[in-house]
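Please read the structure below before turning to the comments.
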Amino acid sequence: MNDGKRSFMPNSLPISQAEKDRFLSDGYIRLDGVITEEELDWYRVRYDDLFSDESEIKQLGGRDEQGRAALPQILEPHRKIPELLELPYLKRLEGIAKFILGPEAEFKNDHMILKPAGHGAATPWHQDQAYHQPDSTYTNINFWLPLEGATVDGGSMHYVRGTHRGTIVPHRHLIVGDRQSAMVADHQNYWSMNGEALDCPVGSVLLHHSYCMHYAGPNLTDLPRRAYIAVFSTPPRPLERPFNLPWQTDPFWPDKE
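Per my numbering, residue 65 is the first one in the sequence shown, and the count goes up by one each step.
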């Protein structure tokens with residue numbers, strides 16, 4: 065997407081009009097030079113502190129054959145560390161979100177996903193919209209920040225261009241009956257055939273629209289992949305006819321006997 069490194073200047077907005085247009089057209093984009101190394105160091109320390117507390121961890125991918133957590137996640141870390149919302153990085157993201165979506169865009173939520181070195185599982189193809197309330201339509205931007213950067217082998221992101229302009233496809237839970245487990249869109253092979261993989265160098269961030277189909281591969285490297293995701297949104301728009309999203313009320317759907 066972007067080539068080369070952007071020089072970060074305080075109070076500047078690290079996105080151009082051309083990049084905004086590309087995001088609106090494709091549903092995703094990479095922006096370089098969005099966060100400083102000093103800020104990343106702050107995040108790394110707090111990230112590890114949160115994941116050291118087992119009571120805070122949710123299991124997106126269950127456990128592997130050796131009993132190791134395959135895809136641990138922490139929801140809404142800003143509730144444990146309120147300072148997250150006051151950092152320059154989040155203020156920068158707010159500016160980007162308002163530039164793309166308009167002045168009503170604001171912080172919605174955040175989460176952290178860890179892919180352990182050597183055995184961090186893939187995050188299946190899915191749309192974030194599959195998690196949202198079915199009585200409204202949402203316009204969100206997810207800002208995906210890997211704290212050490214990420215290559216495709218290290219679990220970086222893949223996207224399918226233009227899928228943010230469609231509707232919600234059928235999903236199911238990765239682990240039948242487990243509401244904590246990841247959402248899985250139907251026709252995984254089809255999305256893989258049409259996806260684009262993006263590396264994300266240190267200091268860069270990947271943005272995607274909540275309807276955009278996306279995936280992150282397994283971590284095949286000897287380093288953990290630590291990602292912090294912040295979501296910004298405009299107010300949801302109520303639907304006259306709500307979506308029917310059966311996986312939200314029935315974690316066994318469609319695999320009931």
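We treat Cβ as the ideally placed atom computed from N, Cα and C, and that holds for glycine.
- Distance between TYR292 and LEU211 (C-alpha atoms, nearest Å): 7 Å
- Query: Do VAL266 and GLY182 come within 8 Å of each other at the CB atom, strictly closer than that value?
  - Reply: no
- Item | Buried or exposed (CB count within 10 angstroms, at least 16 for buried), SER220 | buried
- For PRO310, I'd like the list of residues in its chain whose CB is within less than 7 Å of its CB, leaving aside the five on either flank, ordered along the chain. TRP317
- Message: Less than 6 Å between C-beta atoms, sequence neighbours within five positions excluded: which residues of the same chain meet that for LEU284?
- Response: ASP217
- Which runs of the alpha helix (DSSP H) fall wholly inside the stretch 82-124 and span at least 4 residues, in chain order? 101-115
- Message: Check for me: the alpha helix (DSSP H) holding LYS144 runs from which residue to which?
- Response: Taken as a continuous stretch (DSSP letters only), LYS144 belongs to no alpha helix (DSSP H), as it is neither H nor E.
- Item | Between the CA atoms of ARG229 and PRO247 - distance to the nearest angstrom | Reading off the sequence shown, one finds Met at residue 247, where the question assumed Pro. Straight-line Cα distance between these residues: approximately 20 Å.
- Task: Would you please verify whether the beta carbon of GLN252 is less than 8 Å from any beta carbon of chain C?
- Result: In the structure shown, chain C does not exist; there is a single protein chain.
- Taking the Cβ atom as the reference point for each residue, do LEU14 and ARG290 lie within a distance shorter than 8 Å? As shown, the chain starts at 65 and ends at 321. That puts residue 14 outside it, with no answer to give.
- Pick from PHE171, PHE115, ILE160 that is closest to GLU150, judged by C-alpha positions: PHE171
- Message: Taking the beta carbon of THR231 as the centre, do at least 16 other beta carbons fall within 10 Å, making it buried, or is it exposed?
- Response: exposed
- If we count Cβ pairs, one from each stretch, closer than 8 Å, do we get three or more for the stretch 202-210 versus the stretch 253-261? no
- Query: What do you get for PRO146, buried or exposed, if any count of 16 or more other CB atoms within 10 angstroms of its CB means buried?
  - Reply: exposed
- Query: Residue ranges of each beta strand (DSSP E) run of no fewer than 3 residues wholly in the stretch 283-316, ordered along the chain?
  - Reply: 289-297
- Message: Since GLY226 and ASP90 should fall inside the 8 Å C-beta cutoff, what is the C-beta to C-beta distance between them, to a whole number of angstroms?
- Response: 7 Å
- Message: Check for me: the beta strand (DSSP E) holding GLU170 runs from which residue to which?
- Response: 170-179
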